[in-house]
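Here's the structure we're looking at; comments come further down.
Protein chains in written order, with our numbering: chain A, 3 to 272; chain B, 3 to 272.
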């Protein structure tokens with residue numbers, strides 16, 4: 003229902019990453035699985051989650067998945083150490099072990115280095131063939147029939163900076179996270195509690211606004227999104243102010259909001 | 003999330019009636035069960051559902067119900083014949099067997115006859131004591147110390163008509179329903195399909211708008227609420243028009259809307 007409310011085309015969802023097996027982070031899955039059957043989905047659906055989800059997925063398939071129109075491909079993980087759990091032509095997904103009352107995974111999505119774009123003028127000027135272009139796209143220099151070396155950076159547009167996004171909830175704050183999240187462009191990190199409730203945060207395996215912002219500052223992330231606020235607070239603004247006082251590029255977010263990480267060309271050193 | 007959106011105080015929910023074990027009619031339960039624990043619920047929660055839900059409830063309790071703060075009391079049923087499945091001081095709930103691809107229960111909620119209200123003037127005029135009043139509330143006449151018989155209807159306000167509400171989805175139309183739903187004040191009945199798709203309705207175990215309205219007319223119900231519309235239709239208005247052409251007191255409803263059945267005093271025959 004939330005996906006529908008936010009206008010998300012569910013048929014484009016082929017991979018689902020589940021942080022941990024608490025109801026508020028997993029129960030939405032089963033309605034979606036049944037909706038896919040109602041919609042006649044045919045393509046495989048890949049689910050990445052802690053290995054303990056398998057028994058619940060099997061229960062679902064047995065009792066509620068009769069007539070499932072597609073295959074569920076389950077990719078079980080454990081959360082002992084950071085590990086790449088997914089990779090395709092465009093991105094990788096790395097699991098970040100978090101610390102909570104049950105095993106929790108953060109997910110770090112990184113764009114892969116894309117092929118370079120060759121300048122149109124260069125193709126004309128050096129009469130480049132298809133083979134030449136492919137090599138230049140991969141980053142090689144070009145040697146003309148006359149033996150002249152044309153450096154790659156002269157032939158190609160500056161590449162885009164590879165973007166990264168990390169999603170971390172639920173977890174208490176621990177210093178090892180700084181290295182694991184170093185330099186990500188956009189970080190979603192939980193901020194269940196205000197700074198004054200930091201003992202409660204530790205006790206329940208959660209973080210405070212100040213801890214979220216401290217992590218963002220120490221890890222030199224681009225922007226911090228905070229969420230997963232406790233129902234005990236009537237207003238979110240005090241938490242946002244606390245976060246911004248430590249890390250100005252903090253934003254308080256709610257379900258369904260969208261944040262874009264800008265595509266930036268890395269200017270060459272020529 | 004829907005209950006919250008519609009401003010329903012979930013702590014007042016003590017009994018849940020589940021029509022059948024298809025995902026769109028049952029998956030919302032588990033989030034609610036966990037929310038109750040987050041809210042620290044202490045009072046028992048009674049769940050009425052087909053007996054096959056037990057294994058899923060046990061699965062939930064084992065894998066997701068750790069730290070459950072209250073007891074779940076499961077009342078399993080089968081859907082072979084009409085049977086009273088619940089009764090308290092104020093209401094009874096009767097199970098109506100429906101016909102679908104899996105066992106489905108309709109639920110018929112009936113108010114019980116309430117005690118009569120004794121007129122204040124009568125208490126003064128006849129110097130009624132507590133024992134007298136109790137007997138009169140139960141419908142008895144009063145015999146004065148002088149041996150005069152005062153009829154109950156002279157002593158009490160006209161009673162309220164007992165109200166009834168039936169909820170029936172998912173089901174195909176079958177004529178036995180007419181007798182089972184006879185005279186209910188408010189009937190929610192599914193109208194998944196338009197009249198032109200009645201073959202498809204029968205095939206998938208659903209009803210059409212015209213069938214819903216025909217049932218309402220035959221059973222002399224007060225008002226008909228139709229819902230559970232198929233996603234295939236862009237507009238609901240053609241279905242509503244079809245229903246109203248057969249049974250004018252038809253209303254098309256959506257989640258969260260409220261309909262009240264008026265309290266009516268039955269005027270005495272005196």
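All residues carry an ideal CB built from backbone N, CA and C; glycine is no exception.
Short-range partners of chain B found in the stretch 57–70 of chain A, where Cβ spacing is below 8 Å: Taking a C-beta cut-off of 8 Å against chain B, the contacting residues of the stretch 57–70 of chain A are 57, 58, 61, 65, 66, listed in chain order.
Using a threshold of 7 Å, state whether the C-beta atoms of residue 243(A) and residue 252(A) are closer than that. Cβ distance not < 7 Å, so residue 243(A) and residue 252(A) don't count as in contact.
Taking the continuous alpha helix (DSSP H) assigned at residue 127(B), which residues delimit it? From DSSP, the alpha helix (DSSP H) with residue 127(B) extends over 122–128.
Going by DSSP in three states, residue 55(B) sits in which element: helix, strand or coil? Judged by DSSP in its simplified three-state form, residue 55(B) adopts helix.
What residues in its chain sit with their C-beta under 8 Å from that of residue 83(B), if we drop five residues either side in the sequence? Spatial neighbours of residue 83(B) in its own chain (CB-CB distance under 8 Å, excluding positions within 5 residues in sequence) are listed in chain order as 99.
Along the beta strand (DSSP E) that carries residue 89(A), what are the first and last residues, could you check? First-last of the beta strand (DSSP E) with residue 89(A): 85–89.
Using 8 Å for Cβ pairs, my map puts residue 177(B) next to residue 193(B). What's the rounded Cβ distance? That belief does not hold up - the Cβ atoms of residue 177(B) and residue 193(B) are roughly 17 Å apart, past 8 Å.
List the endpoints of the continuous beta strand (DSSP E) containing residue 1(A). The question about residue 1(A) has no answer here: the residues shown for chain A are numbered 3 through 272.
Need the endpoints of the beta strand (DSSP E) that residue 214(A) sits in, please. Here residue 214(A) belongs to no beta strand (DSSP E); instead the alpha helix (DSSP H) covers 211–220.
Distance, Cα to Cα, residue 196(A) vs residue 207(A)? Those two C-alpha atoms are separated by around 14 Å.
To the nearest angstrom, how far is it from the Cα of residue 80(A) to the Cα of residue 18(A)? Computed Cα separation, rounded: 16 Å.
Please list the segments of the beta strand (DSSP E) lying wholly inside the stretch 3–70 of chain B, counting only runs of 3 or more residues, in order along the chain. DSSP runs (the beta strand (DSSP E)) wholly in the stretch 3–70 of chain B: 17–19, 47–52.
Specify, as a first and last residue, the run of the beta strand (DSSP E) that residue 189(A) falls within. In the DSSP annotation of this structure, the continuous segment of the beta strand (DSSP E) that includes residue 189(A) starts and ends at 188–192.
Among 260(B), 226(B), 31(B), 37(B), which residue has its Cα nearest to the Cα of residue 359(B)? No answer is possible for residue 359(B): it lies beyond the span of chain B, which begins at 3 and ends at 272.
Tell me which same chain residues have a C-beta within less than 6 Å of the C-beta of residue 28(A), skipping the five on either side of it? Non-local beta-carbon contacts of residue 28(A) in its own chain, meaning distances under 6 Å to residues more than five positions away in sequence, involve 20 in chain order.
Secondary structure of residue 159(B), DSSP reduced to three states: Note: residue 159(B) maps to coil in three-state DSSP.
Hey, would you say residue 39(A) sits closer than 7 Å to residue 12(A), going by beta carbons? If you check the CB distance, residue 39(A) and residue 12(A) do not come in under 7 Å.
Closest Cα partner of residue 211(A) within the set 205(A), 223(A), 227(A): Per the C-alpha coordinates, the member of 205(A), 223(A), 227(A) positioned closest to residue 211(A) is 227(A).
So, do the stretch 252–266 of chain A and the stretch 158–172 of chain A have three or more beta carbon pairs nearer to each other than 8 Å? Yes, the stretch 252–266 of chain A touches the stretch 158–172 of chain A.
If you follow the alpha helix (DSSP H) that residue 181(A) is in, where does it begin and where does it stop? Here the alpha helix (DSSP H) through residue 181(A) covers 178–182.
Using the Cβ count rule (16 or more neighbours within 10 Å means buried), how would you classify residue 138(A)? Buried.
Assuming the contact rule is C-beta atoms closer than 8 Å, residue 144(B) and residue 157(B) should be a hit. Round their C-beta distance to whole Å, please. Here residue 144(B) really is in contact with residue 157(B); their C-beta atoms are around 6 Å apart, less than 8 Å.
Just how far apart, CA to CA, sit residue 23(B) and residue 216(B)? Cα to Cα, residue 23(B) sits roughly 27 Å from residue 216(B).
At 9 Å on the CB atoms, spell out the chain A contacts of residue 33(B), in chain order. In chain order: 25, 26, 29, 30.
Neighbouring residues, chain A, relative to residue 36(B) (Cβ below 7 Å): Near residue 36(B) (Cβ distances below 7 Å), the residues of chain A are 25, 26.
Run the CB neighbour count on residue 187(A), radius 10 Å, all protein chains shown included, and call it buried at 16 or more, exposed below. With at least 16 other beta carbons inside 10 angstroms of its own, residue 187(A) counts as buried.
Taking the straight line between their C-alpha atoms, what separation do you get for residue 93(A) and residue 162(A)? If I take the Cα positions, the gap works out to 14 Å.
Using the C-alpha atoms, what's the distance from residue 140(B) back to residue 125(B)? Each residue's Cα considered, the two are about 15 Å apart.
If I measure Cβ to Cβ from residue 106(B) and keep anything under 7 Å in the same chain, skipping five residues before and after, which residues do I get? Around residue 106(B): 21, 22, 81, 100, 172, 173.
Option nearest residue 121(B) by Cα separation, candidates 254(B), 153(B), 6(B), 9(B): It is 153(B).
Candidates 6(A), 224(A), 200(A), 203(A), of which the one nearest residue 185(A) by Cα: Of the candidates 6(A), 224(A), 200(A), 203(A), the one whose C-alpha sits nearest the C-alpha of residue 185(A) is 224(A).
DSSP state of residue 205(A), grouped into three classes? For residue 205(A), the secondary structure class from DSSP, reduced to helix, strand or coil, is helix.
Assign residue 45(A) to buried or exposed, taking buried as 16 or more other Cβ atoms, counted over all protein chains shown, within 10 Å of its Cβ. Note on residue 45(A): under 16 other CB atoms within 10 angstroms of its CB, so exposed under the neighbour-count rule.
For residue 98(B), name the three-state secondary structure that DSSP assigns. The answer is strand: DSSP assigns residue 98(B) an E or B state.
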